[in-house]
Every structure is written in structure tokens, then in C-alpha cells.
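Numbering (the working numbering), first residue to last: 1 to 83. Glycine is no exception: its CB is placed at the ideal position from the N, C-alpha and C atoms. Single-structure report; data block below.
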Amino acid sequence: MAEVGGIEGVLGGESESIEGDALITGADAAAVALALQAAHHDPELSRTASEYLAEQRALVKLQIRHFDEERRLAIAVAAGRDR
């Protein structure tokens, strides 16, 4: 498992090896903030940060759709039981 907490873990190539249940902790949030601040002065890091944030935005949108579908299915199942 990759070590979580550094800029490399946030924006680097090893992020895919982090287990799915790893949550962003305070140290990880600080690493993201540092990376974004550093991106102001480094065009390559700025592009990498932009790509990372765009991927995260897409992931959140997918999660919202998934949760919405699960909610609708749960309501439909509950409504079917009431009959």
C-alpha cells in the first residue's frame, strides 16, 4: 500500500495503489493545500493538480448519481412491501 500524506501521494503516480477505504485525513488535506499552493508557481504541477481535481469532481458526480439510484431503489422496494 502506498504511503498517504505527501504531495506525491496526492498528485503522483502511486495514488492508484491506495486502498479504496483510505480516507483523506487532516495530513492529506494539508498536503493537497500545499500542492495547490505550489501549483501557482509550477505550470506542470498546476496541470497535474487540475487533472487530479477534475477526476475527483467526476468521481463525486458518479457517487452522487449512484447514491441517488440506491435511494430510489430503496424507496421502490419499501413501497412494494407496503402493498
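My output table needs one value for residue i: the three-state DSSP class, helix, strand or coil.
i	result
residue 66	helix
residue 42	coil
residue 28	helix
Would you mind giving the Cβ-Cβ distance between residue i and residue j, rounded to the nearest angstrom? I have them listed as a contact below 8 angstroms.
i	j	result
residue 29	residue 45	That belief does not hold up - the Cβ atoms of residue 29 and residue 45 are roughly 18 angstroms apart, past 8 angstroms.
residue 39	residue 49	4 angstroms
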